[in-house]
Structures are given as C-alpha cells and as structure tokens.
Amino acid sequence: MTLLLEKHVERSQDLIARYVQKAMERARFEQWPEEGIVYGEIPQLPDVWATAETEEECRRALEDVLKEWIKGSVGGTWSVD
Numbered sequence: 000m001t002l003l004l005e006k007h008v009e010r011s012q013d014l015i016a017r018y019v020q021k022a023m024e025r026a027r028f029e030q031w032p033e034e035g036i037v038y039g040e041i042p043q044l045p046d047v048w049a050t051a052e053t054e055e056e057c058r059r060a061l062e063d064v065l066k067e068w069i070k071g072s073v074g075g076t077w078s079v080d
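For the sequence shown, numbering that gives the first Met the number 0 assigns the number 0 to the initial residue and increments by one for each residue that follows.
Structure representation (structure tokens):
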C-alpha cells in the first residue's frame, strides 16, 4: 500500500470511529422485564437496534450492529474496528 493510500485509509477509519462514537452517544436503552432483555436503538438509524440480557451487553451488540450497518453503507470495503 502506498503511503498516500495508507493515510487516506487511516483518515477514513478515524472518521468512522468518530461517527460510531457520536452515534452511540445517541443510543437509547429500555428494559423489557417481561422478556428479560434490554432493547437498545439509535433513533436516528431505524435499522440499528439490538437486544441482550444486560445494558452493557446490549451496548456492545448495538455498536457491532452499527459497524455492520456502516460497512453495508460503504460497500463493505472498510474496516471499522
């Protein structure tokens, strides 16, 4: 990989990381006691939601869903980790 391309990829990854951070700041979590789960979503992104047994697990799962959503949005060619 050329130095120019490496720098472009690095900047893109930084931009995506900032996007993930900002999107996760908007995340909302709701206890669903009847089902014994926590539901998490990012209201501005209707397809980005997750469920888990605890809020922390739900937060991690929601971030994974968000990253997959980003990959799908940019054609799956970027690393978002």
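Ideal Cβ positions, reconstructed from N, Cα and C, are used throughout, including at glycine.
Residue i and residue j closer than 9 Å at C-beta
i: Val19; j: Lys66; result: yes
i: Arg25; j: Ile41; result: yes
i: Gly35; j: Phe28; result: no
i: Val37; j: Glu52; result: yes
i: Gln43; j: Ala16; result: no
i: Thr50; j: Trp31; result: yes
According to DSSP, residues forming a beta bridge with residue i
i: Arg27; result: Glu40
i: Trp48; result: Glu40
Assumed close pair residue i, residue j - CB separation to whole angstroms, cut-off 8 Å
i: Val47; j: Leu61; result: 7 Å
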